[in-house]
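J.: Encoded as structure tokens, here's the structure I'll be asking about.
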Ligand SMILES: Cc1cc2nc3c(=O)[nH]c(=O)nc-3n(C[C@H](O)[C@H](O)[C@H](O)COP(=O)(O)O)c2cc1C
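Residue numbers (my numbering): 109 to 288.
See below:
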């Protein structure tokens, strides 16, 4: 593997360089993540997107963020409704992740349920967070959506994991304590 450092300049130069983008994708592929689905209900009905750019932000108040492409229909639904859920997918939910990563497809109603506060989330997900939009920050070709938590649900199980462009399973021993 090449150790050559890559200098990326901001602005048009970085956007115009497809090699830098490809290398960036490859670099980020080494950052192993969980897999989530963001769902929002806009005037045209529900929309959902598989995303891995999800993280917690703050404990007081309870905030999370997700980064959605400007081409995303889900982003439009989040903007309009100012509400969204994030569902953390469980091991075995690869097909759900794939269904929510196809844009312009009919919304997969069979994959979702209503949370206790009435929002759509992915059935059998490991966890869901129901959010009110706190802020929306435009950064490059994505918007970072920050949500304040209204409601949460948690199930038992193992996570679906995304690594180097593929879904993988964690080889957790039964005695693993979750790092606590
Ligand atoms: C594992 C995985 C992670 C993804 N992460 C993101 C992400 O963080 N942000 C994003 O905008 N799209 C992400 N995508 C792509 C979206 O799922 C895809 O563009 C989807 O079609 C968007 O749907 P929409 O246009 O209906 O909102 C990811 C796809 C996969 C398979």
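Each residue gets a CB set at the ideal place from its N, CA and C atoms; glycine is no exception.
Any heavy atom of ligand 1 closer than 7 Å to the beta-carbon of residue 192?
T.: no
J.: Whose C-beta lies closer than 6 Å to the C-beta of residue 178 among residues of the same chain, with five residues either side of it excluded?
T.: 249
J.: Can you confirm whether the segment 189 to 205 touches the segment 224 to 237 when touching is taken to mean that 3 or more C-beta pairs between the two stretches lie within less than 8 Å?
T.: Contact annotation: the segment 224 to 237 touches the segment 189 to 205, with at least three C-beta pairs closer than 8 Å.
J.: Taking the Cβ atom as the reference point for each residue, do residue 255 and residue 171 lie within a distance shorter than 8 Å?
T.: Yes, the Cβ-Cβ distance between residue 255 and residue 171 is below 8 Å.
J.: What's the call for residue 208, buried or exposed, on a 16-neighbour Cβ count within 10 Å?
T.: buried
J.: Compare the C-alpha of residue 294 against each of 271, 173, 267, 258 and name the closest.
T.: No information on residue 294 is available, as it lies outside the stretch 109 to 288 that the chain covers here.
J.: From the DSSP secondary-structure annotation, give me the bridge partner or partners of residue 239.
T.: 192, 257
J.: Alpha carbons only, please: which of 129, 153, 231, 159 is nearest the one belonging to residue 141?
T.: With distances taken between Cα atoms, residue 141 lies closest to 159.
J.: Check residue 222 in the structure and name its three-state DSSP category.
T.: Looking at residue 222 - three-state DSSP - the assignment turns out to be strand.
J.: As a quick exercise: from 134, 139, 204, pick the residue whose alpha carbon is nearest that of residue 270.
T.: 139
J.: Taking its Cβ as the centre, do 16 or more other Cβ atoms sit within 10 Å of residue 204, making it buried, or is it exposed?
T.: buried
J.: Residue 245: which of 153, 130, 187 sits nearest, CA to CA?
T.: 187
J.: With a 10 Å radius around its C-beta and 16 neighbouring C-beta atoms as the bar for buried, classify residue 267 as buried or exposed.
T.: buried
J.: Please report the residue range of the alpha helix (DSSP H) in which residue 128 lies.
T.: 126 to 137
J.: Going by beta-carbon coordinates alone, are residue 156 and residue 215 separated by less than 8 Å?
T.: Yes, the pair counts as a contact, with Cβ atoms nearer than the cut-off.
J.: Cα separation between residue 135 and residue 162?
T.: 17 Å
J.: Considering only residues of the same chain and omitting the five flanking positions on each side of residue 231, which have a CB-CB separation below 8 Å?
T.: 219, 220, 221
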